[in-house]
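Undergrad:
Protein chains: 4
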Amino acid sequence: MHTIDLTVRFCETDALGHVNNTSYFIYLEEARVKFFESLGFGVSTEEWNFILASTTCDFKAQGYFNDKLTVDTSVSSVGNKSFVLTHEVRRTETKELVAKGSATLVYFDFKAQMTESIPDELRTALTRHAARLPVESES
Amino acid sequence: MHTIDLTVRFCETDALGHVNNTSYFIYLEEARVKFFESLGFGVSTEEWNFILASTTCDFKAQGYFNDKLTVDTSVSSVGNKSFVLTHEVRRTETKELVAKGSATLVYFDFKAQMTESIPDELRTALTRHAARLPVESES
Amino acid sequence: MHTIDLTVRFCETDALGHVNNTSYFIYLEEARVKFFESLGFGVSTEEWNFILASTTCDFKAQGYFNDKLTVDTSVSSVGNKSFVLTHEVRRTETKELVAKGSATLVYFDFKAQMTESIPDELRTALTRHAARLPVESES
Amino acid sequence: MHTIDLTVRFCETDALGHVNNTSYFIYLEEARVKFFESLGFGVSTEEWNFILASTTCDFKAQGYFNDKLTVDTSVSSVGNKSFVLTHEVRRTETKELVAKGSATLVYFDFKAQMTESIPDELRTALTRHAARLPVESES
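Residue numbers (this note's numbering), protein chains in the order written: chain A, 1 to 139; chain B, 1 to 139; chain C, 1 to 139; chain D, 1 to 139.
1. Taking contact to mean at least 3 C-beta pairs separated by less than 8 Å, is the stretch 85–92 of chain A in contact with the stretch 106–123 of chain A?
2. With a Cβ-Cβ cutoff of 9 Å, do phenylalanine 25 of chain D and threonine 94 of chain C count as a contact?
3. Between leucine 76 of chain A and the rest of its own chain, which residues show a CB-CB distance below 6 Å, the 5 nearest in sequence each way excluded?
4. In chain order, what residues of the stretch 59–83 of chain B put their CB closer than 7 Å to some CB of chain D?
5. Closer than 8 Å by C-beta to asparagine 80 of chain C: which residues in its own chain qualify, once you throw out the five before and the five after it? Chain order, please.
6. Does DSSP put isoleucine 26 of chain C in a helix, a strand or coil?
7. Would you kindly work out how many angstroms separate the C-alpha atoms of leucine 97 of chain C and phenylalanine 41 of chain A, rounded to a whole number?
8. Please list the segments of the beta strand (DSSP E) lying wholly inside the stretch 79–113 of chain D, counting only runs of 3 or more residues, in order along the chain.
9. Taking C-alpha atoms, which residue in A:Trp48, A:Thr124, A:Asn20 and A:His18 lies nearest to arginine 32 of chain A?
10. So which residues on chain C does threonine 22 of chain D lean against when the C-beta distance must stay under 8 Å?
11. Tell me, please, whether the CB atom of arginine 90 of chain B is closer than 9 Å to any CB atom in chain C?
12. Applying a beta-carbon distance threshold of less than 9 Å, which residues of chain B neighbour glycine 17 of chain C?
13. Of all Cβ atoms in chain A, is any one closer than 9 Å to the Cβ of cysteine 57 of chain D?
14. Touching or not, the stretch 50–59 of chain C and the stretch 49–66 of chain D, by the rule of three or more beta carbon pairs under 8 Å?
15. Taking phenylalanine 10 of chain C as the query, report the chain A residues whose CB atoms sit under 8 Å from its CB, ordered along the chain.
16. Distance cutoff 9 Å, beta carbons only. Does glutamate 37 of chain B sit that close to anything in chain E?
17. Since alanine 15 of chain D contacts threonine 13 of chain B with CB under 8 Å, what's their CB separation in whole angstroms?
18. 9 Å is my cut-off, CB to CB: does valine 106 of chain D come that close to chain A?
19. I'd like the span of the beta strand (DSSP E) that includes leucine 6 of chain B, first residue to last.
20. Please classify lysine 68 of chain D as buried or exposed, where buried requires at least 16 other C-beta atoms within 10 Å of its C-beta.
21. Name the chain A residues whose beta carbon is nearer than 8 Å to that of alanine 53 of chain B?
22. What residue range is occupied by the uninterrupted beta strand (DSSP E) comprising threonine 124 of chain B?
23. Which residues in the same chain as threonine 3 of chain C place their Cβ atom closer than 8 Å to its Cβ, once the five residues preceding and following it in sequence are excluded?
24. Among residues of its own chain, excluding the 5 on either side of histidine 18 of chain D, which ones have a beta-carbon nearer than 7 Å to its beta-carbon?
25. If you draw a straight line from the C-alpha of threonine 127 of chain C to the C-alpha of serine 44 of chain C, how long is it?
26. Quick check on DSSP: helix, strand or coil for valine 75 of chain C?
27. Counting along the chain, where does the beta strand (DSSP E) carrying phenylalanine 59 of chain C start and finish?
28. So, with DSSP's three-state summary, where would you put valine 33 of chain B?
29. Where does glutamate 121 of chain B land, buried or exposed, given buried means 16+ other C-beta within 10 angstroms?
30. What does a CB cutoff of less than 6 Å around lysine 100 of chain D pick up in its chain, not counting 5 residues either side in sequence?
31. When the Cα of leucine 39 of chain D is compared with those of D:Met1, D:Val106 and D:Tyr27, which residue comes out closest?
32. Since glutamate 46 of chain B and arginine 9 of chain C are thought to touch, with beta carbons under 8 Å apart, how far apart are those beta carbons, to the nearest angstrom?
33. Just grab the DSSP bridge partners of leucine 69 of chain C for me.
Here it is, written out as structure tokens:
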């Protein structure tokens, strides 16, 4: 599992007083990018290897301006050319679940403009971050 | 089915040259809001009746700066207190499918702060926008 | 003068109930891009010729969700390599001034990575959109 | 002077490969909010006391995805009911100036919906953050 911390920015809220739904996808992207960076991938646009095929977010509790949030990222599954990440957005202090997201990513060679098998090095790294059993049993 | 047209703004792209994934959720929210407005609901934050419980987006083709896009919104299902919308984002000219989204909404009384049964008037209006058969058979 | 119309999106508001200040810069960028497009410039990132050197916005009245706004763009001054645009954001119906922005742009050859003199064709086009006298006397 | 650190998010870039101009205003808002918080003000929307009357940003160098940036905030002037902040956005490591912003804020009683004289406590706090002489001589 990989974890990032963030604080809700004022411009990420909306007129209902909550964090706008679109802002959670900013947090999920941030979590993905930092996760890839922690694996040694994707730190520059010149060596980008991932296409986002799909993303989802379930909203479990309201987020507010200045909330301290933690996003935990795990790997749910790894296929031949794609893998699935699960994100849990929690209040940092209370651990209350605020949102639960997922992202399906395809390994992609941007120079050749085609999908590729996930290289062994990445597969090994992803497997190390496989979702723990308690998280799997939740879904 | 309800349809909106939009043009991709420059700030909605990212350094890979495409529309950023988070921008599609801006488009889906826009489509929802305009759909609710067309039904006579949700035009001001004082009389808001919907909570977004979940949203998803599958990315089918790349979007680019200045693309003319159309978002078609249909109702996939209507339950007692919630309903599901399906959105198809297409290039306006070629009808190419760029993204396919969904949103699960819960009918909510913000003053009482509790979920409520969908009123008959809204149920009737939603049913009128039920997804056409060819769309249903796709999923 | 060049004019665009837009409607405030829900995600462009913030928890104080107003249009967030950062959203106005989205509108100003939109106005610039459409203005350049109307002049036959800047419709794709491959042939981009403008660098934004500076931008400002004065906030005159609150904007709200779903507001219909009009952005009028005029040319305030044209130098050798740069020019200044003035934007007025008004409620479409009442013409109330909501915000007043400006942008200083430098003509730039992205391939050569250097500033360039504004070509005559562009200078002529810009001059046609010079701010009307009443606007000039304001500043 | 008050300082925050941030890292450029992927969705804050645009198709020209740089940080989009609108993203800098997100950073300036973040810097203001954290500055007010450090002074003991503005940490919740219920006790908000500031209206943004005007903001500007001069773009001095390109920012890129994943850049580590520092925003230094100083107080340029304090009037009876308003004050001006100056922000310098620099690359954290090299101190290169990336952008220079400003914000004019009006002290406002949201309950009474009227401007108010800056209270002594805030005036004293602002004065402690007055721009150092070298910064003033720059402008």
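Positions of the beta carbon are idealized from the N, C-alpha and C atoms, including for glycine.
TA: This is what the structure holds:
1. Contact fails: fewer than three Cβ-Cβ distances are below 8 Å.
2. Stepping through the fourth sequence from its first residue, residue 25 of chain D is reached at position 25. Stepping through the third sequence from its first residue, residue 94 of chain C is reached at position 94. Between phenylalanine 25 of chain D and threonine 94 of chain C, the CB-CB gap reaches or exceeds 9 Å.
3. Within the first sequence, the letter at position 76 stands for residue 76 of chain A. Reading the sequence as shown, one finds serine at residue 76 of chain A and not leucine. Around serine 76 of chain A, the same chain offers Val84, Thr86 and Ala131 as residues with beta carbons nearer than 6 Å, after the five sequence neighbours per side are excluded.
4. Flagged, chain order: Phe65.
5. Stepping through the third sequence from its first residue, residue 80 of chain C is reached at position 80. Excluding sequence positions up to five before and after asparagine 80 of chain C, its CB lies within less than 8 Å of the CB of Ser117 and Ile118, all in the same chain and listed in chain order.
6. To locate residue 26 of chain C, count along the third sequence from 1; it is residue 26. Helix.
7. The residue given as residue 97 of chain C occupies position 97 in the third sequence. The residue given as residue 41 of chain A occupies position 41 in the first sequence. The straight-line gap from Cα to Cα measures roughly 48 Å.
8. Whole beta strand (DSSP E) segments, 3+ residues: 82–91 and 97–109.
9. Working through the first sequence from its first residue, we reach residue 32 of chain A at position 32. Selected option, being the one with the closest Cα: A:Trp48.
10. On the fourth sequence, residue 22 of chain D is found 22 positions in, with the first residue counted as 1. Neighbours of threonine 22 of chain D across chain C, judged by C-beta separation under 8 Å: Thr22, Phe25, Ile26 and Glu29.
11. Position 90 of the second sequence holds residue 90 of chain B. No, its Cβ sits nowhere closer than 9 Å to a Cβ of chain C.
12. Taking the third sequence and counting its residues from 1, the one referred to as residue 17 of chain C is at position 17. Result: Thr45.
13. Position 57 of the fourth sequence, counted from the first residue, corresponds to residue 57 of chain D. At a cut-off of 9 Å between C-beta atoms, cysteine 57 of chain D does not count as an interface residue with respect to chain A.
14. With a cut-off of 8 Å, the stretch 49–66 of chain D and the stretch 50–59 of chain C count as touching, because enough Cβ pairs lie within range.
15. Locating residue 10 of chain C in the third sequence gives position 10, where the first residue counts as 1. Result: Asp14, Ala15 and Asn20.
16. The structure shown has no chain E; the protein chains it does contain are A, B, C and D.
17. On the fourth sequence, residue 15 of chain D is found 15 positions in, with the first residue counted as 1. On the second sequence, residue 13 of chain B is found 13 positions in, with the first residue counted as 1. Sure, about 4 Å apart at Cβ, within 8 Å.
18. Taking the fourth sequence and counting its residues from 1, the one referred to as residue 106 of chain D is at position 106. By this cut-off, valine 106 of chain D is not an interface position.
19. Counted from its first residue, the second sequence places residue 6 of chain B at position 6. According to the DSSP assignment, leucine 6 of chain B belongs to the beta strand (DSSP E) that extends over 2–7.
20. The residue you call residue 68 of chain D lines up with position 68 of the fourth sequence. Lysine 68 of chain D should be labelled exposed.
21. As a first step, residue 53 of chain B is located in the second sequence; it is residue number 53 there, counting from the start. Neighbours of alanine 53 of chain B on chain A, chain order: Asp58 and Phe59.
22. Here residue 124 of chain B corresponds to residue number 124 of the second sequence, with the count starting at 1. No beta strand (DSSP E) contains threonine 124 of chain B, which is instead part of the alpha helix (DSSP H) from 120–128.
23. On the third sequence, residue 3 of chain C is found 3 positions in, with the first residue counted as 1. Only Thr70, Val71, Asp72 and Thr73 meet the Cβ criterion.
24. Counting from one through the fourth sequence, the residue named residue 18 of chain D turns up at place 18. Close CB contacts of histidine 18 of chain D within its chain, under the 7 Å cut and outside five residues either way in sequence, are with Gln62, Gly63 and Tyr64 (chain order).
25. Walking along the third sequence from the start, residue 127 of chain C turns up at place 127. Walking along the third sequence from the start, residue 44 of chain C turns up at place 44. Taking the straight line joining both Cα atoms gives about 23 Å.
26. Your numbering for residue 75 of chain C matches position 75 in the third sequence. For valine 75 of chain C, the secondary structure class from DSSP, reduced to helix, strand or coil, is strand.
27. By 1-based counting over the third sequence, the position of residue 59 of chain C is 59. Per DSSP, phenylalanine 59 of chain C is one residue of the beta strand (DSSP E) stretching across 50–59.
28. Within the second sequence, the letter at position 33 stands for residue 33 of chain B. Of the three classes helix, strand and coil, the one that applies to valine 33 of chain B here is helix, per DSSP.
29. For the purposes of this step, residue 121 of chain B is taken as the residue at position 121 of the second sequence. Around the C-beta of glutamate 121 of chain B, fewer than 16 other C-beta atoms lie within 10 Å, and the residue is accordingly described as exposed.
30. The residue labelled residue 100 of chain D in the question sits at position 100 within the fourth sequence. Excluding sequence positions up to five before and after lysine 100 of chain D, its CB lies within less than 6 Å of the CB of Asp58 and Glu88, all in the same chain and listed in chain order.
31. Here residue 39 of chain D is taken as the residue at index 39 of the fourth sequence, counted from 1. For the residues D:Met1, D:Val106 and D:Tyr27, the minimum Cα distance to leucine 39 of chain D belongs to D:Met1.
32. Residue 46 of chain B sits at position 46 when you count from the first residue of the second sequence. Residue 9 of chain C sits at position 9 when you count from the first residue of the third sequence. Rounded to whole angstroms, the Cβ separation of glutamate 46 of chain B and arginine 9 of chain C is 18 Å, and the two are not in contact under 8 Å.
33. Here the question's residue 69 of chain C lines up with position 69 in the third sequence. For leucine 69 of chain C, which the question treats as bridged, DSSP gives the partners C:Leu6 and C:Arg91.
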